[in-house]
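Residue numbers (my numbering), protein chains in the order written: chain A, 9 to 368; chain B, 694 to 1168.
Here it is in structure tokens:
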């Protein structure tokens, strides 16, 4: 008996509509093409640009794997959005001869990353830790977008890696591919009266940054140019009530940092802390919520690590902080030049390698 | 890989091209098989070994069972036991291992015995529940004498592995798919276009409605750790009902569309379930390939409704409880299945006592019963979505008006999105309840269908999506 007689009763045969499918297909193709072109033009008119690669877990994982693939003698930046937006990697490279690996993450507490590097016996590089006081000295770990990153870079599937590369090709050509300007995100930005004290999703962070290769990130130009977007960002950072930070959380943060710095230094690595500028109401809020003596100074004292606080250097004054938390693009370049200059002068780990590299 | 990813678009384009090259049919089937393995390995390459093991075991066991057809029943049954043991063993280890350990620990603790289970860090292989059911259905069919073993190992491997159904169904039977491998298949122009149309429809359901429209509201409500008010509890649950439908039906629609683009037919997995009138009707419309699998390979072998009335109810409950457990290693899934079992039993009891058969004649009664069914189905979704019974209890208290001092959860924009989308989903399902999509498209002006198709694709593109996995992958 042949196979066909065994199975023929139930075989699935799909019905095809008796309709002008070719005409439908052409109509849909023309309409979608026209719609996408119009959408792209509209998004460009709103300030989106092709080549903004949209930071993501996959984008971060590419950078993280550079350390694992190298000699672990790298300069690595971790922290929250301030050190991410306020650092110009080209300036770093120009001044020191080595390009840092940018692993700072917006809306994320760097302490788990600091601990992770401390636990990695191979890492003996220079870790630049950006300190945003209300994040670093708190217990909040970060926004869900970047949750699970400490494992993700190792566990990312082949499919996700390939998809990320295809996504990069498209993002370099199409401005509208931006996770902050999806249809869903735009609908959620409609401001309606809510019940009780509900503020989200309206007060979620909207588009704030642009990301390029190597995760070179800077404040989105529209935050400087568009008053509404700038005002919204300030609203999100609030309330600026100066409510005191939890003393126990500060102690936990310092203790964790002490442990991590000790381990990294013990194997020849180095850790420096950098406090990037904030301004206006946000700055005043930070002064009251976590006074420097109780946070920053304590951190440096207990860890024994080197630190740069923007308040201490004249060359880091007068910078432009459009939404009170992040520097404008030009100011980020100035700030990078200033703080890397200080590091080159005062941190032997960096200056000795730069000298050796210049000599060779 | 997931259907809603850029990787899949590239993969599928290359595969379509390969499938249209002037190669022999055997070569094309090899291409499809290799592509299906690539599709699976793109998630986690080592787990492909499990897929191979499941495929090989059932290939040989089905042949062993068939060769022993003239021998004793015990002989054949011992072959079957090996198949079931291997397949259930795989699922048991990877999916239920931690669950079993935790329950064993709880049992020991109740006897005042301190037992600390080893740390369980096992990754659940994607789709394992689906492909093991596919291979088991093949062996069971041979054991039950419903069919003979497939002659070609290539056809058999392709039946098990064919990528559109591999990781989240539809759970195909050999009879539905294997004969399609005997003759060369290549989609004609209309099949290709209709297949692409189905893919667009499925992506729209997944990316725009499930992920973009409803997931945030469902997540927000089910994440609350305090009391949830009446409106929020209902809207969060309704949002999840829409999300799970659009996520899973979207997947199945893409699977059917992708197979059709290659010239193959896969069966429907959903048929407007939220327009069901009663629960037996619901299960004829929801995850059809699983409900028929459970009926044919569990409920009927248990005796179905052939024994006493009490035995029928026991069989019904057992089937639904195990169906619940199939979805996930948690007692909340068992509760979900158990509640559906109770609904089905109650419906059967009422029908038996009243003698009522079929659906009400008057439309208003049909609608009222349909909406009651949908409301009660929503109650079951609470157990399906909540991580714990405490979480489920919080939502149920809110839904039945017992929540005290609940803070509002959902922003107005979320409430509007849920209200509009759920109304559209339910209304569409009622309109389409007794109709086939293909017939509706045949009767609709071509330009209108083209316009709708364009709108859906445009919405998918501008919603972008983040390539989130389909919910049923975890099962």
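Ideal Cβ placement from N, Cα and C applies to all residues, glycine included.
Residue 699 of chain B reaches chain A at 171, 174 and 175, counting residues in chain order whose Cβ is nearer than 7 Å. Taking the Cβ atoms as the reference, residue 752 of chain B lies roughly 6 Å from residue 846 of chain B, within the contact range of under 8 Å.
Counting only runs that start and end inside the stretch 709–778 of chain B, there is no beta strand (DSSP E) element of at least 3 residues. Put simply, the CB of residue 68 of chain A is far from chain B, with every gap to its CB atoms at 8 Å or more.
The count of Cβ pairs closer than 8 Å, one atom from the stretch 159–176 of chain A and one from the stretch 33–51 of chain A, stays below three, leaving the stretches out of contact. In terms of beta-carbon proximity, residue 1135 of chain B lines the interface with chain A, with at least one pair separated by less than 8 Å.
Counting only the Cα atoms, residue 698 of chain B lies some 22 Å from residue 933 of chain B. In the displayed model, residue 936 of chain B falls within a helix according to three-state DSSP.
In the DSSP assignment, residue 137 of chain A falls outside any alpha helix (DSSP H) and within the unbroken beta strand (DSSP E) covering 134–138. Of all residues in the stretch 211–227 of chain A, none places a beta-carbon less than 8 Å from a beta-carbon of chain B. Residues of the same chain with a CB within less than 6 Å of the CB of residue 1150 of chain B, apart from the 5 flanking positions on each side, are 893 in chain order. Of all residues in the stretch 91–103 of chain A, none comes within less than 9 Å of chain B when Cβ atoms are compared. Contacts between residue 993 of chain B and chain A, judged by CB atoms closer than 9 Å, are missing: the closest CB pair is about 16 Å apart.
Note on the stretch 262–290 of chain A: whole beta strand (DSSP E) runs with a minimum of 3 residues are 278–283, in chain order. Burial is judged here by how many other beta carbons sit within 10 angstroms of a residue's own beta carbon; residue 205 of chain A has fewer than 16 and is exposed. Interface residue (Cβ-Cβ distance to chain A less than 8 Å): residue 718 of chain B is not classified as such. Following the DSSP letters along the chain, one finds residue 813 of chain B in no alpha helix (DSSP H), marked with neither H nor E. Nearest to residue 921 of chain B by alpha-carbon distance, out of B:862, B:1099 and B:839, is B:1099. The alpha-carbon of residue 917 of chain B is positioned some 8 Å away from that of residue 1102 of chain B. The three-state reading of DSSP puts residue 347 of chain A in helix, counting H, G and I together. By the CB criterion at 8 Å, residue 956 of chain B and residue 880 of chain B fall inside the cutoff. Spatial neighbours of residue 1006 of chain B in its own chain (CB-CB distance under 6 Å, excluding positions within 5 residues in sequence) are listed in chain order as 1038. By alpha-carbon distance to residue 122 of chain A, the top candidate from A:316, A:363, A:319 and A:281 is A:281. Contacts with chain B at 8 Å (Cβ-Cβ) include residue 39 of chain A. Closest option to residue 816 of chain B, judged by alpha-carbon separation, among B:805, B:831 and B:790: B:790. The closest CA to that of residue 1071 of chain B, considering only B:1093, B:1053 and B:758, is found on B:1093. For residue 858 of chain B, the three-state secondary structure derived from DSSP is helix.
With fewer than 16 neighbouring CB atoms inside 10 Å of its own CB, residue 1117 of chain B falls in the exposed class. Here residue 144 of chain A is actually not in contact with residue 107 of chain A; their C-beta atoms are around 25 Å apart, not less than 8 Å.
Checking the DSSP bridge columns, you'll see residue 109 of chain A partnered with A:84. Under the DSSP assignment, residue 23 of chain A falls outside any beta strand (DSSP E); it carries neither an H nor an E label.
With distances taken between CA atoms, residue 83 of chain A lies nearest to A:72 out of A:72, A:90, A:174 and A:291. Residue-level contact check: residue 30 of chain A touches chain B, since one or more beta carbons of chain B fall below 8 Å from its beta carbon.
In this structure, A:348 is the residue among A:298, A:295 and A:348 with its C-alpha nearest to the C-alpha of residue 316 of chain A. By the Cβ neighbour-count rule, residue 971 of chain B is buried, with 16 or more other Cβ atoms within 10 Å of its own. Within the stretch 993–1021 of chain B, no residue has a Cβ lying closer than 9 Å to any Cβ of chain A.
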